Amino acid sequence: MVGIYRSRFLSLVIVILFTTMVQVFVWVAFSSLYLPDPSTSHSLNTDRMDRDKECKCPTRDPESETCAPPKTEEVGRDEGDREQRMDIDDDRDYLEGLGVLKDSQHYLLVALVLSGPDSKSRERRDTIRETWKTYSNPTEEPAILVLFVMGTFELSAPQLESVTHENQQHHDLVLLPNLKESYYNLTLKVLQAFVWADQNLRFSYLLKCDDDSFVMLHQIADELSERTSTQSYYWGFFDGRATPKKGGKYIEKEWFLCDRYLPYALGGGYVVSADLVHKVALMSDGVRLYNNEDTSLGVWLSPFRAERRHDSRFDTEFKSRGCRNNYLVTHKQSPGEMRTKHELLQSKGMICEQETAVRKAYEYNWLVEPSKCCQRK
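The sequence shown begins at 1 in full-length UniProt numbering and counts up one residue at a time.
Structural data, given as structure tokens:
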């Protein structure tokens with residue numbers, strides 16, 4: 001009998017010990033999964049503080065646990081210094097002087113006209129102000145804004161005073177204080193202009209042109225207004241068979257992609273949708289800069305799906321093909337030729353008294369390799 005009770009007692013002890021061990025095991029497992037380790041928590045907080053310090057993030061989103069990235073810098077290129085770096089500032093006082101604010105006005109079209117601080121460029125700007133810029137209205141639909149872009153780095157005191165006075169008078173200059181005006185900085189100038197527009201303006205499309213281009217603003221705006229989508233649009237006169245230059249002003253020492261330029265819209269004038277401008281701005285710190293701004297843009301946009309619209313109404317080659325009343329942009333125009341076109345447009349609704357063709361245009365064949373794209377007929 002004593003042996004039976006002893007056996008039952010030992011069995012009960014074993015059951016109690018087993019139950020206790022199971023409870024301890026469950027508690028340990030639960031603790032490792034759900035209770036924070038003080039050392040780990042401290043490490044996470046330290047890492048978070050380090051990231052905040054690196055990003056200089058004033059506030060943190062409690063949901064995303066991310067901080068804003070630091071401001072990007074653009075790689076500069078000049079004959080003497082091809083590794084300059086410069087900042088693009090969002091200066092609200094300056095924007096107020098231009099009559100634009102980041103959160104107020106949305107523009108269908110922003111035209112950025114590349115210009116310079118010299119007297120000839122000033123004459124061309126004044127001509128544009130008195131001719132095709134008169135068709136822009138930033139406060140009425142479709143809202144169009146025209147701005148002139150120039151660098152002011154290392155300008156002489158008289159030049160800087162003149163440019164400052166001009167901007168106080170017209171409020172239409174975008175001054176890039178860290179950009180030195182030179183042909184070899186032209187690509188950087190376009191890149192900085194894209195970054196500035198992306199950071200400071202709200203728009204659907206951007207037109208880049210030169211200050212010797214005559215632009216039919218109202219017709220371009222009308223066609224853009226009719227589009228059902230404002231996304232991924234690259235519009236101009238394209239070329240895909242041009243070969244990189246081996247010498248002269250347009251030499252491309254750093255080109256290594258292939259034996260021809262990638263398809264690009266010629267730089268006398270082209271239109272890019274805001275989303276593509278934004279993508280370029282996001283990449284601005286790391287893109288390679290080639291001597292020619294238009295071929296550079298073709299490279300930057302080459303990875304993206306976009307509607308590339310070739311249009312012979314963009315007379316934007318290195319010299320004008322002549323005069324056609326359906327031209328939307330005419331490149332290489334003197335101030336006198338611009339005024340003549342403007343007077344005809346006002347009096348007769350056309351830009352050509354008599355249409356002429358110095359050179360033939362071509363239609364871009366997107367179904368063949370780029371080297372065979374563009375046959376003049």
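The C-beta atom is built at its ideal place from N, Cα and C for all residues, glycine as well. These numbers come from a predicted model, not from an experiment.
What does the Cβ neighbour count give for residue i, buried or exposed, with the cut at 16 atoms within 10 Å?
i, result
"glycine 349", "exposed"
"tryptophan 235", "buried"
"phenylalanine 314", "buried"
"alanine 357", "exposed"
"glutamine 346", "exposed"
"aspartate 172", "buried"
"aspartate 222", "exposed"
"tyrosine 183", "exposed"
"tryptophan 196", "buried"
"glycine 286", "exposed"
"aspartate 294", "buried"
"cysteine 323", "buried"
"phenylalanine 304", "exposed"
"threonine 228", "exposed"
"leucine 367", "exposed"
"lysine 120", "exposed"
"glutamate 181", "buried"
Check each candidate in the options and name the one with the smallest Cα separation from residue i.
i, options, result
"histidine 165", "Tyr233, Cys258, Arg122", "Arg122"
"asparagine 326", "His218, Glu252, Lys332, Glu307", "His218"
"glutamine 231", "Gln168, Leu297, Arg308, Pro370", "Arg308"
"lysine 332", "Cys373, Thr340, Arg321", "Arg321"
"tryptophan 300", "Gln375, Leu188, Glu353", "Leu188"
"lysine 319", "Pro117, Cys258, Phe214", "Phe214"
"arginine 339", "Val113, Thr131, Gly116", "Thr131"
"alanine 361", "Thr316, Met150, Pro177", "Thr316"
"proline 138", "Arg202, Tyr183, Asp126, Val163", "Arg202"
"arginine 241", "Asn185, Tyr107, Ser371, Cys323", "Ser371"
"leucine 186", "Gly268, Asp311, Arg359", "Gly268"
"residue 378", "Ser296, Lys180, Gln105", "No information on residue 378 is available, as it lies outside the stretch 1 to 377 that the chain covers here."
"aspartate 212", "Cys258, Gly336, Glu343, Gln199", "Gly336"
"glutamine 169", "Tyr205, Asn292, Asp126", "Asp126"
"leucine 155", "Asp118, Ser136, Ala143, Thr330", "Asp118"
"arginine 376", "Cys352, Ser312, His342, Leu328", "Ser312"
"lysine 133", "Gln354, Ile220, Leu176", "Ile220"
"tyrosine 135", "Met216, Phe237, Ala274", "Met216"
"tyrosine 290", "Pro244, Asp259, Thr330", "Pro244"
"valine 329", "Glu353, Asp275, Gln354, Phe237", "Phe237"
"phenylalanine 153", "Pro142, Ala143, Pro177, Glu226", "Pro177"
"arginine 124", "Ser334, Arg359, Asn200", "Ser334"
Determine the DSSP secondary structure at residue i, reduced to helix, strand or coil.
i, result
"phenylalanine 203", "strand"
"isoleucine 351", "coil"
"aspartate 311", "coil"
"leucine 345", "helix"
"tryptophan 196", "helix"
"aspartate 285", "coil"
"leucine 108", "strand"
"glycine 268", "coil"
"tryptophan 255", "coil"
"threonine 46", "Because threonine 46 carries a pLDDT of 39, less than 50, the predicted location of this residue cannot be relied on, and the following value inherits that uncertainty. Helix, per DSSP."
"valine 368", "coil"
"valine 280", "helix"
"alanine 357", "strand"
"lysine 319", "coil"
"glutamate 363", "coil"
"glycine 298", "helix"
"aspartate 172", "coil"
"methionine 216", "coil"
"lysine 245", "strand"
"serine 273", "strand"
"glycine 236", "strand"
"threonine 340", "helix"
Could you check how far apart the C-beta atoms of residue i and residue j are, in whole angstroms? I think they sit under 8 Å.
i, j, result
"leucine 109", "leucine 224", "6 Å"
"alanine 306", "tyrosine 364", "Not confirmed; about 14 Å, so no contact."
"cysteine 374", "aspartate 239", "6 Å"
"alanine 193", "valine 163", "In fact, because the Cβ distance is near 16 Å, the residues do not count as touching under 8 Å."
"arginine 288", "glutamate 343", "About 44 Å separates the two Cβ atoms, so there is no contact after all."
"leucine 297", "valine 190", "7 Å"
"serine 302", "tyrosine 205", "No, serine 302 and tyrosine 205 are not in contact; Cβ-Cβ is about 20 Å, not under 8 Å."
"aspartate 198", "histidine 278", "5 Å"
"residue 414", "lysine 208", "Only positions 1 to 377 of the chain appear in the structure, and residue 414 is not among them; the question remains open."
Answer with yes or no whether the minimum CB distance from residue i to chain C is below 8 Å.
i, result
"glutamine 231", "No chain C appears in the structure shown, which is made up of a single protein chain."
Count the C-beta pairs between the segment 262 to 274 and the segment 158 to 166 that are closer than 8 Å, then say yes if the count reaches three, no if not.
no
Please determine if the segment 275 to 287 and the segment 235 to 252 are in contact, where contact requires at least 3 C-beta pairs separated by less than 8 Å.
no
Contact between the segment 103 to 119 and the segment 141 to 150 (3+ Cβ pairs under 8 Å):
yes
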